[in-house]
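Line order of the protein sequences matches chains R and V.
Note that my numbering gives residue 57 to position 57 of the first sequence, counting from 1, and the numbers run on in steps of one.
Just add 1000 to wherever you are in the second sequence, counting from 1, and you've got my numbering.
Structure first, then comments.
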Amino acid sequence: MTAQFELVLRLGIAEETLSAWCAAGWLRPPEDWDEADAARALLIRDLIERLGVNEEGVDVALSLLDQLHGLRRALRRLSDALGSLPEPLRSGLREAMARAGADDAP
Amino acid sequence: MNAAEDPYALLGVPRTASAEEIKKAYRKLARKLHPDLNPGDKAAEERFKKVSAAHDLLSDPEKRARFDRGEIDASGQEVPRHSSWRAHAGGPEDIYASDSAFADIADADDLLAAIFGAGARGRARGTVRMRGGDLRARLHLDFLSAVNGTTARLDLPDGSAVDVKVPAGAHDGQVLRLKGKGAPGIGGGPPGDLYVELEVGGHHRFTRKGDDIHLELPVSLVEAVLGGKVEVPTPAGPVMVTVPPHSNTGTVLRLRGRGVPRPDGTRGDAFAELRVFLPEEPDPELESFLRGWAKGRAHDPRKGRG
């Protein structure tokens, strides 16, 4: 069973709809699909069917979400890297962050 | 059943709500609570499940009627969900995640650029890695901005803007290449380039021929006959120029190095073509002089022109 057909069955949507989502750039080509793509397709279906978002709205939402997840990934990696630093560097960073935060305060 | 679990209360609708009202209330809540739209909020999933279960119960007329009659309660309505997108998104394998939200910040800092630039590429899945497409755009410049160089903000069709550094001496039709300002790459691939075609407007005094500037320079009768210092506008600002005695309309003064800047740092020339202007008002003194000026009256400038 192809990944595309499997997903069509799981999501209960038409094959043409799924192809249109790929053409819109919301999903990569079906050959590469795995569980993550299925979850993403489910989100698109939720946006349209449950949340009442139109096509343009899906485009905007996905673009913002992809940027958000890029940011979250960057933050997570930064956090991992910081966690592996020795204490003098960590406390130095805490102080620098506190100073930067104080600068931002009105 | 406690009040918080009451499906009507969960959706915030009265028990008399129509099917349309229930749907609207649910959509509004779902847009806020959908776990994939709240990737950092662990509790969102639970709230969304409850609201969705309430909606599933109340959007089915038969189930809603049975619930209203007290035949069933709100439990057991929760439908198990497939894995959320947020559980996969933003992981090392996520090819959809984009760095564009912070690319500017990372670019501006060597340390961040090194951390995220190298790391992101190193971790990319590598199956789809494509350079982004090139983009084309047109930029209109006024005459002097092109000659003297400028930095202009260019609005792109996607709503973003880019600052274009226009070198001094830029000309109409010239195409500038902005490396990396094209469409973003796919899967960690490099972005494409942006090609900006310049459209340069005209000037009310200057005409450009290659690297040279041509202009008309009005001079008075006195300046033309006796000579004198006059101020001449050039693209880089006015300069004082000596008009030699007995200069005529059509006499061209060459202002070396006052033209358009060239890439090698030199400049073209400016050429000022004189035009002799009589005084605005008729002048009795001038007229009486000319009536008595025998040699002048004998002069025929059309002679020999056929």
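Yeah, the Cβ is synthetic: ideal placement off N, Cα and C, and Gly gets one too.
Can you give the Cα-Cα distance for residue i and residue j, rounded to whole angstroms?
| i | j | result |
| --- | --- | --- |
| Val1276 (chain V) | Arg1138 (chain V) | 41 Å |
| Gly1202 (chain V) | Pro1282 (chain V) | 35 Å |
| Arg10 (chain R) | Leu18 (chain R) | 12 Å |
| Ala1089 (chain V) | Ile1213 (chain V) | 59 Å |
| Asp1068 (chain V) | Leu1058 (chain V) | 10 Å |
| Ala1097 (chain V) | Arg72 (chain R) | 9 Å |
| Arg1205 (chain V) | Thr1151 (chain V) | 23 Å |
| Leu1010 (chain V) | Gly57 (chain R) | 26 Å |
| Val1196 (chain V) | Leu1178 (chain V) | 8 Å |
| Pro1279 (chain V) | Pro1157 (chain V) | 54 Å |
| His1171 (chain V) | Lys1165 (chain V) | 14 Å |
| Leu7 (chain R) | Arg1086 (chain V) | 18 Å |
| Gly1210 (chain V) | Thr1266 (chain V) | 13 Å |
| His1299 (chain V) | Val1260 (chain V) | 40 Å |
| Ala1270 (chain V) | Ser1100 (chain V) | 47 Å |
| Ala1017 (chain V) | Ser1052 (chain V) | 17 Å |
| Gly1292 (chain V) | Ser1220 (chain V) | 21 Å |
| Lys1032 (chain V) | Arg1208 (chain V) | 60 Å |
| Ser79 (chain R) | Leu85 (chain R) | 10 Å |
| Asp59 (chain R) | Gly1040 (chain V) | 21 Å |
| Pro1191 (chain V) | Gly1133 (chain V) | 7 Å |
| Glu15 (chain R) | Gln4 (chain R) | 8 Å |
Taking its Cβ as the centre, do 16 or more other Cβ atoms sit within 10 Å of residue i, making it buried, or is it exposed?
| i | result |
| --- | --- |
| Trp26 (chain R) | buried |
| Asp66 (chain R) | buried |
| Leu1198 (chain V) | buried |
| Asp1094 (chain V) | buried |
| Gly12 (chain R) | exposed |
| Pro1218 (chain V) | exposed |
Strictly below 7 Å CB to CB, what residues from chain V border residue i?
| i | result |
| --- | --- |
| Leu43 (chain R) | Asp1036 and Trp1085 |
Which residues in chain R have a C-beta closer than 7 Å to the C-beta of residue i? List them in chain order.
| i | result |
| --- | --- |
| Ile1095 (chain V) | Arg28 |
| Ser1059 (chain V) | Result: empty, since nearest Cβ-Cβ is about 11 Å, beyond 7 Å. |
Residues of chain R with a CB under 8 Å from the CB of residue i: which are they?
| i | result |
| --- | --- |
| His1204 (chain V) | Simply none; closest approach about 45 Å. |
| Ala1101 (chain V) | Gln67, Leu68, Gly70 and Leu71 |
| His1088 (chain V) | Glu35, Ala36, Ala39 and Arg40 |
Mind pulling the chain C residues with CB within less than 8 Å of residue i?
| i | result |
| --- | --- |
| Leu51 (chain R) | Although the question refers to chain C, the structure presented lacks it and instead comprises the protein chains R and V. |
Rounded to the nearest angstrom, how far is the Cβ of residue i from that of residue j, given a contact under 8 Å?
| i | j | result |
| --- | --- | --- |
| Leu123 (chain R) | Leu93 (chain R) | The first residue shown for chain R is 1 and the last is 106, placing residue 123 (chain R) beyond what the model contains. |
| Leu1111 (chain V) | Gly1182 (chain V) | That belief does not hold up - the Cβ atoms of Leu1111 (chain V) and Gly1182 (chain V) are roughly 26 Å apart, past 8 Å. |
Is residue i near the ligand SAM, judged by its Cβ being under 7 Å from some heavy atom?
| i | result |
| --- | --- |
| Val1147 (chain V) | Because no ligand of any kind appears in the structure shown, any question about the ligand SAM cannot be addressed here. |
Given that residue i touches chain V, what residues does it touch there, using C-beta distances under 9 Å?
| i | result |
| --- | --- |
| Asp59 (chain R) | Neighbours of Asp59 (chain R) on chain V: none; closest Cβ ~12 Å, over 9 Å. |
Which residues in chain R sit within 9 Å of residue i, going by Cβ to Cβ distance?
| i | result |
| --- | --- |
| Ala1074 (chain V) | In chain order: nothing, as chain R lies at least about 19 Å away. |
| Ala1137 (chain V) | Those within 9 Å of Ala1137 (chain V) in chain R number zero; the least Cβ separation is about 21 Å. |
| Ala1113 (chain V) | Going along chain R, no residue has its Cβ under 9 Å from Ala1113 (chain V), so there is no contact; the nearest lies around 12 Å. |
Checklist entry - Taking Cβ-Cβ distances below 8 Å as the criterion, which residues of the segment 1030-1057 of chain V are in contact with chain R? => result Of all residues in the segment 1030-1057 of chain V, Ala1030, Arg1031, His1034, Asp1036, Leu1037, Pro1039, Gly1040 and Ser1052 have a Cβ within less than 8 Å of some Cβ in chain R.
Checklist entry - What residues from the segment 26-41 of chain R come within 8 Å of chain V, judged by C-beta to C-beta, listed N to C? => result Within the segment 26-41 of chain R, contact with chain V at the beta-carbon level (separation under 8 Å) is assigned to Arg28, Asp32, Glu35, Ala36, Ala38, Ala39 and Arg40.
Next on the checklist: Output needed in chain order: residues of the segment 70-99 of chain R with a Cβ under 8 Å from some Cβ in chain V.
Outcome noted: Listed by position, the residues of the segment 70-99 of chain R near chain V (Cβ gap below 8 Å) are Gly70, Leu71, Arg72, Arg73, Ala74, Arg76, Arg77, Leu78 and Ala81.
Item to check | Under 7 Å (Cβ pairs) to chain R, residues found in the segment 1145-1174 of chain V | outcome: Here the close residues number zero.
Next on the checklist: Please list, in chain order, the residues of the segment 1257-1283 of chain V that have any C-beta partner in chain R closer than 9 Å.
Outcome noted: If you check each beta-carbon in the segment 1257-1283 of chain V against every beta-carbon of chain R, none falls closer than 9 Å.
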